Structures are given as C-alpha cells and as structure tokens.
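Asker: Residue numbers (our numbering): 1407 to 1502. Glycine included, C-beta positions come from ideal geometry on N, C-alpha and C. Computed from a prediction, not measured in an experiment: that's the story for all the values here.
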C-alpha cells in the first residue's frame, strides 16, 4: 500500500501532466482525489480549496459527475466540521 506522502506526490505529478496536456476533466478528477486525502487528514481548509477548484473547473466544462462529487465532498467537509449537525438532529439544542 502506498503512503499518503507517496500517493499525494503521484497525484501532484498526474495533475501537472494533465495540466500540460490540457486534459481539464482529468485535472478536475485529480483535484477531487487530492481533496479526499486532505479531508481524511482533517485538513479541511485545503480539502475545501481543492474541491472548490475542481467544482469551478467542472462547472466550466459541464462535467456533471465531477460537479456532483464536489458538492457531496464539500458537504462532507462541512459535516466533519460540525456544520448542519443540529439540523440533522445529531446534537441536542440547549434549552434556556
């Protein structure tokens, strides 16, 4: 199994190569994967940035599948940070 550092390095190499080739759909997908790694490392600021970059690109391309992934992943980042938990009934409201 690859280490996170090696995996990130390979994704970053892929990102650079896809950018050189002008393969914007693959760029969007690699950004999603890098965002996933950042999210799993609890680096929510970086994950959000990567997902937003991918979302912007996906919107420009009309790449619906990547857009769906980005919205889902941005939702997960928000959830992991506690945003929306009261609305889902996962925290009891304080009664004053």
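(1) Since residue 1441 and residue 1464 should fall inside the 8 angstroms C-beta cutoff, what is the C-beta to C-beta distance between them, to a whole number of angstroms?
(2) By how many angstroms is the C-alpha of residue 1470 removed from the C-alpha of residue 1480?
(3) Counting only the same chain and skipping the five closest in sequence on each side, list residues whose C-beta sits under 6 angstroms from that of residue 1420.
(4) Could you give the residue range of the alpha helix (DSSP H) that holds residue 1419?
(5) Are the Cβ atoms of residue 1434 and residue 1472 separated by less than 7 angstroms?
(6) Indicate whether at least one CB of chain D lies closer than 7 angstroms to the CB of residue 1420.
(7) By DSSP, does residue 1448 sit in helix, in strand, or in coil?
(8) With 16 other CB atoms within 10 Å as the buried threshold, where does residue 1457 fall?
Answerer: Here's the rundown:
(1) Not a contact, Cβ separation roughly 12 angstroms.
(2) 15 angstroms
(3) 1436
(4) 1410-1427
(5) yes
(6) Included in the structure is just one protein chain, with no chain D present.
(7) Secondary structure of residue 1448 (DSSP, three-state): coil.
(8) Buried, by the Cβ-count rule.
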